[in-house]
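Below: the structure, in structure tokens.
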Amino acid sequence: MKKEITLKNERHGTQATAKAEITTAGNYRLTKAQCKRLRAELCGSKECLCSGNTGARGEVTDSDGMSLDIFGYSDGSVELYPAKYVDCEGRSVLH
Ligand SMILES: [Zn+2]
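Using our numbering, the letters of the sequence shown map in sequence onto residues 446 to 540.
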């Protein structure tokens, strides 16, 4: 099953979408190939240090508007999971 997610890069004023695979844990995965395409759309420069694997810098949301955090893997793929509104000790924080 897949779901569309929207990624923004506030530095370059760009936005892109991708169909992310939903994992068994209910998170999202983007392949290395998807990340390369996204980074080309969002940033476009190999030398630019604005962002990680996906080229996102700023808001990332799924099609329900849920805010997502990105975890980048060293193989170039990423996992995206719901941004938790709590700190490392479980206290509520403003996002
Ligand atoms: Zn950039």
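For each residue, glycine too, the CB sits at the ideal point set by N, CA and C.
Review point. The beta strand (DSSP E) with R474 in it runs from where to where?
Key: Judged by DSSP secondary structure, R474 falls within the beta strand (DSSP E) whose first and last residues are Y473 to L475.
Exercise for review: Please name the residue or residues paired with K453 in a DSSP beta bridge.
Suggested key: In DSSP, K453 forms a bridge with Q460.
Practice item. Can you have a look at S512 and say buried or exposed, based on whether 16 or more other CB atoms are within 10 angstroms of its CB? Key: Exposed, since its Cβ has fewer than 16 Cβ neighbours within 10 Å.
**Study point:** Nearest residue (CA-CA) to E486, options L525, V523 and Q460
**Key:** It is Q460 whose Cα lies nearest to the Cα of E486.
Check your understanding: What's the gap between the Cα of H540 and the Cα of R484?
Key -> The predicted position of H540 is uncertain, since its pLDDT is 47 and thus under 50; a value taken from the coordinates is nonetheless stated next. The straight-line gap separating the alpha-carbon atoms of H540 and R484 is approximately 25 Å.
Practice item. State the DSSP-derived secondary structure class of A501, mapped to helix, strand or coil. Key: Coil.
**Study point:** Member of A501, C495 and L494 whose CA lies at the smallest distance from the CA of V523
**Key:** Comparing alpha carbon positions, the residue from A501, C495 and L494 closest to V523 is A501.
Practice item. Please state if the CB of C495 and the CB of C488 are separated by a distance shorter than 8 Å. Key: Yes. Within cutoff.
Review point. In three-state terms, what does DSSP make of K448?
Key: Strand, per DSSP.
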